[in-house]
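Inspection log for the structure reproduced underneath, given as structure tokens.
Protein chains: 2
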Amino acid sequence: MQDFIQPRVLKGFRDFLPQDEILKRTLVENVENVFRKFGFLPIDTPALEYTEILLGKGGGETEKQVYRFTDNGGRDVSLRFDLTVPFARFAAEHRGELTFPFKRYHIAKVWRGENTQRGRYREFTQCDFDCVGSNTAACDFEILLMMKEALAACGAGNVKIKVNHRGMFNNFLKKIGMPEKLTGVLRAVDKLDKIGREEVFRALGEITDSARAEEILNFIGAKSTWEETLDAMIKASGGTSEESERLSVIRKYMIDCNVEDSFVLDPSITRGLDYYTGIVFETFLAEMSEIGSVCSGGRYDNLTGLYSKEPLSGVGASVGLDRLIAAIDALGKTQKRKTYAPVFIACLDEAKTGLYQQLALKLRNSNIACEVSCEAKKLTAQFMLAEKKGASYVIIPNEEDPLNGKITLRDLTSRQNREAYLSSLIDFLKALK
Amino acid sequence: MQDFIQPRVLKGFRDFLPQDEILKRTLVENVENVFRKFGFLPIDTPALEYTEILLGKGGGETEKQVYRFTDNGGRDVSLRFDLTVPFARFAAEHRGELTFPFKRYHIAKVWRGENTQRGRYREFTQCDFDCVGSNTAACDFEILLMMKEALAACGAGNVKIKVNHRGMFNNFLKKIGMPEKLTGVLRAVDKLDKIGREEVFRALGEITDSARAEEILNFIGAKSTWEETLDAMIKASGGTSEESERLSVIRKYMIDCNVEDSFVLDPSITRGLDYYTGIVFETFLAEMSEIGSVCSGGRYDNLTGLYSKEPLSGVGASVGLDRLIAAIDALGKTQKRKTYAPVFIACLDEAKTGLYQQLALKLRNSNIACEVSCEAKKLTAQFMLAEKKGASYVIIPNEEDPLNGKITLRDLTSRQNREAYLSSLIDFLKALK
Chain A
1 MQDFIQPRVL KGFRDFLPQD EILKRTLVEN VENVFRKFGF LPIDTPALEY TEILLGKGGG
61 ETEKQVYRFT DNGGRDVSLR FDLTVPFARF AAEHRGELTF PFKRYHIAKV WRGENTQRGR
121 YREFTQCDFD CVGSNTAACD FEILLMMKEA LAACGAGNVK IKVNHRGMFN NFLKKIGMPE
181 KLTGVLRAVD KLDKIGREEV FRALGEITDS ARAEEILNFI GAKSTWEETL DAMIKASGGT
241 SEESERLSVI RKYMIDCNVE DSFVLDPSIT RGLDYYTGIV FETFLAEMSE IGSVCSGGRY
301 DNLTGLYSKE PLSGVGASVG LDRLIAAIDA LGKTQKRKTY APVFIACLDE AKTGLYQQLA
361 LKLRNSNIAC EVSCEAKKLT AQFMLAEKKG ASYVIIPNEE DPLNGKITLR DLTSRQNREA
421 YLSSLIDFLK ALK
Chain Z
1001 MQDFIQPRVL KGFRDFLPQD EILKRTLVEN VENVFRKFGF LPIDTPALEY TEILLGKGGG
1061 ETEKQVYRFT DNGGRDVSLR FDLTVPFARF AAEHRGELTF PFKRYHIAKV WRGENTQRGR
1121 YREFTQCDFD CVGSNTAACD FEILLMMKEA LAACGAGNVK IKVNHRGMFN NFLKKIGMPE
1181 KLTGVLRAVD KLDKIGREEV FRALGEITDS ARAEEILNFI GAKSTWEETL DAMIKASGGT
1241 SEESERLSVI RKYMIDCNVE DSFVLDPSIT RGLDYYTGIV FETFLAEMSE IGSVCSGGRY
1301 DNLTGLYSKE PLSGVGASVG LDRLIAAIDA LGKTQKRKTY APVFIACLDE AKTGLYQQLA
1361 LKLRNSNIAC EVSCEAKKLT AQFMLAEKKG ASYVIIPNEE DPLNGKITLR DLTSRQNREA
1421 YLSSLIDFLK ALK
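Keeping their order, the protein sequence lines are chains A and Z. Following the working numbering, the numbering of the first sequence begins with 1 at its first residue and continues without gaps. Following the working numbering, the numbering of the second sequence begins with 1001 at its first residue and continues without gaps.
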């Protein structure tokens, strides 16, 4: 007796069956189409890199999660765990070949050996876009606008993009006399939505006295119109500054572009990472804010600091594609398609397959996707197969003359047949789109 | 002084700068569009799998090339080295969830630690398509037709698809009394194009006597019309058979579908691997046959044999995307685009960025991709930047009223300006496509 190998995937990894893969691709294509319309350019980098490149000078949490090994040539290599670090390496390495401001997007898989119990996957798709080489409010705004457009293209419904400026938070901490505690404060503040005001107060209490903890909570709690919130932030941080001016200008752009309703100024958004220096932002679906941010990012001073002495500033964001898909799916906003081909051409006689395929090519040349049946089973069985495959129509070719004779088109929903010549069928099917 | 990490990629790995990535994506999208029009469905599988799944019962050459390591959970894992083995595992695992005949495509990266000296890469994109669950000439023909259409969509020019049937070769070997030497003979015969007749004769001489070696060379050398070649093969292999009948039927389909000129029957095509049992094929570019086959495959009896006791037959092919791109590029058949955005909107005043982006959204809504300049540099500098980025036109917004005033459109090729209102500019730009 033969031993079989149990077919299975690794924990935290997934197969995508056609229906799920079509959904994923539809979203990726919609997002990508927006990026292209904004003039952003695609790049690609290797899945595997030198560990030194990816982890730099030690990566803390990240280091434990990375898929790292020694290759057959004795090199210490790792699978990328995000698209930001490879982009930093890419920008440093190819600086002379790029035209700045350089606007790029990158949609690709990344790998992290995360705890899968929280419903996290170890292989997932990231979708990053950045504009580097220009520290202007115009670039900040463009990234924000592109996020809004990309999410709209995904059918995510209303979104609320929460914006803040890390520099204003720094100014505020300086004003209250604790600029050096930034990382600890950020870590506490970042959890406001998850753990609530009281817990954040307790966490802040471990870093500073209760008067300052209260001040910090007041600062991050100011939520009103953009203008009022900004005024409160300006007062609390010691007056207008370059940073507050940036937030004013971005607001003006939003209003001029008629998109101000999608954005709020929220001083509690900090994005935890030390990396960001300018605006930071997170995006929430109005109908499902509890799943957290589906697109986040910010402005950084120096992307390429690890690899080059020439600093490179930029602003960028990352769409959490898997989370977004899960949310859109849960909201019932997706139409799960089983196939790209609405038309199924039945096979009446296998010997006529060449003619059926010629008929199909005529439809395909008119941009109508169609599958040709490969077996001359009973027509009712073929109707069932077509339905199972997700087709909407079955073409029953003419028995005498498949190419020039009258064709029967069966609507699988209404179960009605209509007879027509090919050219008028093509017109009918094209008009359905 | 700070130490920098030298930015570099691993040997055999590549970055794709925008121009190359756009070219790759254009080809992938063209190929994918053909697959979708034929009703083939996309799937995806993990990059990383259990080594046992990928290597089965020992993989010979493959085993040495695979990126294999122990993950943090102590599992023996490997990066996939092709898309066929993961598909076999996928089909066995999800058999109950698929609708047969199941037609799938999969375009994804694979990794092999190959010798890079032969210009091979260690990370490359494969593009596989298969129809499983129906052993019919109709499926064989569909895969052949789809190959032809996919290559045409890539702009590969004239192709010649060489077809053979492994079963007929087996019949022939049986007839001359050496059925058991199949693998050795296949290995020798497979090299005919590379090493020539004499070397193949010498290699065959190590397996059999010179009379049989001569017979084998005659068998594989028969090259004339499909019909004459088939007749010679039938005679040499002991008369008509199921296998010769399959080749006749496929030929009839080709003629009925008006595509017979793209195909030749070539008994020297064997595809080395024991795996194939039915038709086998390779595809050559008429203008650059020396680069070898750009799309190959065949019919197999049992895809899922390693993982399941239920056999699953099918027919499939794989496009060597990187080789194809290199060839099309070398033939000068590619138009290297630097950007997806033909239009660049100049910035006259950074304070008006919101209005420029609103203008841009109007163009984008009419499917005209456009990049908005983020810095109000001198116009001549912006023209140069737009040109460097690959734009064809620059829009110079109206200084008074960017949205409703007359706009100047500069053609970067002719260096001519034209003035018009937005709606007529949109009409003009749409008509250019």
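C-beta atoms are modelled at their ideal positions from N, C-alpha and C, and glycine is treated no differently.
query                                                                                                                          : result
Residue range of the beta strand (DSSP E) that includes Ala1317(Z)                                                             : Gly1314 to Gly1320
DSSP three-state assignment for Phe1038(Z), whether helix, strand or coil                                                      : coil
DSSP state of Lys377(A) mapped onto helix, strand, coil                                                                        : coil
Spatial neighbours of Leu312(A) in its chain, beta-carbon cut-off 7 Å, leaving aside the 5 residues before and after           : Ala91, Val132, Gly133, Asn302, Leu303 and Thr304
Cutoff 7 Å: Ser134(A) Cβ touching any chain Z Cβ                                                                               : yes
DSSP state of Val1343(Z) mapped onto helix, strand, coil                                                                       : strand
Distance, Gly316(A) Cα to Ile1345(Z) Cα                                                                                        : 21 Å
Chain Z contact for Pro397(A) (CB, 7 Å cutoff)                                                                                 : no
Paired residues, beta bridge with Thr1408(Z) - DSSP                                                                            : Ile1396(Z) and Glu1419(Z)
Interface positions of the stretch 1364–1384 of chain Z facing chain A (Cβ-Cβ less than 7 Å), listed along the chain           : Arg1364, Ala1369, Cys1370, Glu1371, Val1372, Cys1374 and Glu1375
Inside the stretch 166–211 of chain A only - beta strand (DSSP E) runs reaching at least 3 residues                            : none
Where the stretch 1253–1267 of chain Z meets chain A: residues whose CB sits under 8 Å from a CB there                         : Tyr1253, Met1254, Ile1255, Asp1256, Cys1257 and Asn1258
Straight-line gap, Arg104(A) to Gly314(A) (C-alpha atoms, nearest Å)                                                           : 11 Å
Beta-carbon gap between Cys1257(Z) and Pro101(A) smaller than 7 Å                                                              : no
Three-pair Cβ contact test at 8 Å for the stretch 1002–1022 of chain Z versus the stretch 1077–1092 of chain Z                 : no
Coil, strand or helix - Glu1246(Z) by DSSP                                                                                     : The identity of residue 1246(Z) in the sequence shown is Arg, whereas the question assumes Glu. Residue state, collapsed to three classes: helix.
Endpoints, alpha helix (DSSP H) assigned at Glu149(A)                                                                          : Ala137 to Ala153
Cβ distance (whole Å) where Lys148(A) is taken to contact Val159(A) below 8 Å                                                  : 7 Å
Status (buried if at least 16 other CB within 10 Å, exposed otherwise) for Tyr1421(Z)                                          : exposed
Collapsed DSSP secondary structure at Asn1365(Z) in the structure displayed                                                    : helix
DSSP bridge partner residues for Cys370(A) (one or two, in chain order)                                                        : Val343(A)
Cut-off 8 Å between Cβ atoms - residues of its own chain near His1165(Z), not counting five sequence neighbours on either side : Glu1243, Ser1244, Arg1246, Leu1247, Gly1278, Ile1279 and Val1280
Test item: CB-CB of Cys139(A) and Leu321(A) under 7 Å                                                                          : no
N- and C-terminal bounds of the beta strand (DSSP E) containing Thr62(A)                                                       : No beta strand (DSSP E) holds Thr62(A); the alpha helix (DSSP H) holding it covers Glu61 to Gln65.
Cβ of Val1009(Z) within 7 Å of any chain A Cβ                                                                                  : yes
8 Å contact criterion, which Ile1269(Z) and Glu1282(Z) should meet: CB distance rounded                                        : 5 Å
Cutoff 7 Å: Glu1287(Z) Cβ touching any chain A Cβ                                                                              : no
Proximal residues of chain Z, C-beta to C-beta of Gly113(A) below 8 Å                                                          : Asp1071, Asn1072 and Gly1073
Residue burial classification, Ile1195(Z) (beta-carbon count within 10 angstroms, cutoff 16)                                   : exposed
Helix, strand or coil at Gln1006(Z) according to DSSP, with G and I counted as helix                                           : coil
Extent of the continuous beta strand (DSSP E) run through Glu1123(Z)                                                           : Glu1123 to Val1132
Beta-carbon proximity check, Ile1426(Z) vs Thr1408(Z), cutoff 7 Å                                                              : no
Within chain A, the residues that Ile1005(Z) reaches when beta carbons sit closer than 7 Å                                     : Glu52, Ile53, Gly56, Leu306 and Tyr307
Interface flag, Ala386(A) vs chain Z, CB-CB below 7 Å                                                                          : no
Neighbourhood of Leu1412(Z) by C-beta, 8 Å cutoff - its chain only, sequence neighbours within 5 removed                       : Phe1383, Ala1386, Glu1387, Ala1391, Ser1392, Tyr1393 and Val1394
Distance between beta carbons of Met254(A) and Gly1354(Z), contact taken as under 8 Å                                          : 7 Å
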